[in-house]
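What follows is a single structure, written as structure tokens, with notes after it.
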Amino acid sequence: MEIYRHQNDRKMKQNRVGELEYLTFPILEETGMVRHLFSTRLGGVSEGIYASMNLSYTRGDRKDAVDENYRRIAGVLGCAPEDIVCSDQTHTTNLKAVGREDGGKGITRPRNYKDVDGLLTDEPGIILATFYADCVPLYFVDTKRRAIALAHSGWRGTVARMGQCVVEKMREVFGTDPADIVAAVGPSICQDCYEVSEDVAEAFCREFGKQDQEQEILVARGGGKYQLDLWRANEIVLTEAGILPSRIQVTDICTCHNSDYLFSHRASQGKRGNLGAFLGLL
39 MEIYRHQNDR KMKQNRVGEL EYLTFPILEE TGMVRHLFST RLGGVSEGIY
89 ASMNLSYTRG DRKDAVDENY RRIAGVLGCA PEDIVCSDQT HTTNLKAVGR
139 EDGGKGITRP RNYKDVDGLL TDEPGIILAT FYADCVPLYF VDTKRRAIAL
189 AHSGWRGTVA RMGQCVVEKM REVFGTDPAD IVAAVGPSIC QDCYEVSEDV
239 AEAFCREFGK QDQEQEILVA RGGGKYQLDL WRANEIVLTE AGILPSRIQV
289 TDICTCHNSD YLFSHRASQG KRGNLGAFLG LL
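The opening residue of the sequence shown carries number 39 in my numbering; numbering runs sequentially from there.
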């Protein structure tokens with residue numbers, strides 16, 4: 039499917055296996071250490087507002103359809119649904135280190151944790167999974183320590199510097215040096231589509247105003263409305279956390295602009311399924 043892309047020197051790759059389409063980052067592929075993808079709406083069995091690759095069990099879709107969607111995603115990743123471990127997202131900056139013993143949680147068996155917006159591991163054999171419909175997926179690969187993390191960052195997570203929280207947690211758990219991290223900012227709502235109210239804009243001004251960075255991420259539209267650039271805000275957070283700019287890839291694909299291809303909460307007025315970000319060590 040042809041999709042709308044923003045001008046960007048580093049394009050995400052569109053991939054297709056049968057009817058299933060997914061997106062990947064060249065910068066992550068080039069590490070040779072991980073398997074990853076970001077799902078699209080295409081290639082699943084869900085119907086109606088969930089058509090067709092819905093990965094949420096909690097939005098009203100049939101369980102058997104979501105089960106089959108996960109089976110298909112797992113096939114592309116070269117794993118089983120029992121190897122995938124899922125977040126429990128509530129717009130926090132809470133992070134959890136997981137291992138093979140956590141495989142299947144959120145899909146084939148219940149999670150025994152709550153309020154977890156990011157996952158990290160240094161164990162091959164499991165796939166981290168987080169979920170989206172406009173918020174920002176953040177991928178991290180420590181190429182020296184062979185450790186990875188995946189995190190969900192909406193506006194609340196971004197203003198709370200989720201990316202920095204991940205870097206600090208990777209340092210604590212794995213001894214990661216930020217200079218060894220390759221990172222990616224995934225498909226999400228772009229600045230053109232993301233209008234926010236004055237209270238949200240003020241929160242970003244407080245957090246990013248010290249170096250006049252608010253001028254890069256906020257455009258005033260009048261009437262107390264602003265356009266917010268979550269892509270740039272997260273890129274700033276990652277670089278200030280010590281990740282080298284040359285080792286960060288920012289998406290060129292907006293969920294809201296491409297709502298036939300990607301689920302968008304804003305474009306659908308909340309009538310939608312969920313996309314998934316997946317990352318695992320080889």
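Glycine included, each C-beta is placed from N, C-alpha and C at the ideal position.
Taking all protein chains shown into account, do 16 or more other C-beta atoms lie within 10 angstroms of the C-beta of residue i, making it buried, or fewer, making it exposed?
i: residue 214; result: buried
i: residue 208; result: buried
i: residue 127; result: buried
i: residue 39; result: exposed
i: residue 221; result: buried
i: residue 153; result: exposed
i: residue 320; result: exposed
i: residue 302; result: buried
i: residue 284; result: exposed
i: residue 55; result: exposed
i: residue 264; result: buried
i: residue 259; result: exposed
i: residue 156; result: buried
i: residue 48; result: exposed
For residue i, which residues does DSSP report across the bridge?
i: residue 74; result: 317
i: residue 174; result: 191
From residue i to residue j, what does the alpha carbon distance come to, in whole angstroms?
i: residue 254; j: residue 245; result: 13 Å
i: residue 46; j: residue 315; result: 21 Å
i: residue 241; j: residue 251; result: 13 Å
i: residue 131; j: residue 93; result: 22 Å
i: residue 196; j: residue 84; result: 31 Å
i: residue 123; j: residue 98; result: 21 Å
i: residue 293; j: residue 106; result: 23 Å
i: residue 300; j: residue 313; result: 7 Å
i: residue 167; j: residue 103; result: 18 Å
i: residue 151; j: residue 137; result: 14 Å
i: residue 317; j: residue 73; result: 6 Å
i: residue 178; j: residue 164; result: 15 Å
i: residue 145; j: residue 187; result: 19 Å
DSSP three-state label for residue i, please.
i: residue 86; result: helix
i: residue 264; result: strand
i: residue 161; result: coil
i: residue 101; result: helix
i: residue 244; result: helix
i: residue 121; result: helix
i: residue 95; result: coil
Just to check, is the beta-carbon of residue i closer than 7 Å to a non-hydrogen atom of the ligand ATP?
i: residue 141; result: Ligands are entirely absent from the displayed structure, and the ligand ATP is therefore not among its contents.
In the segment 192-236, which residue ranges form an unbroken alpha helix (DSSP H) of at least 4 residues, counting only runs that do not cross its ends?
Whole alpha helix (DSSP H) segments, 4+ residues: 193-197 and 200-212.
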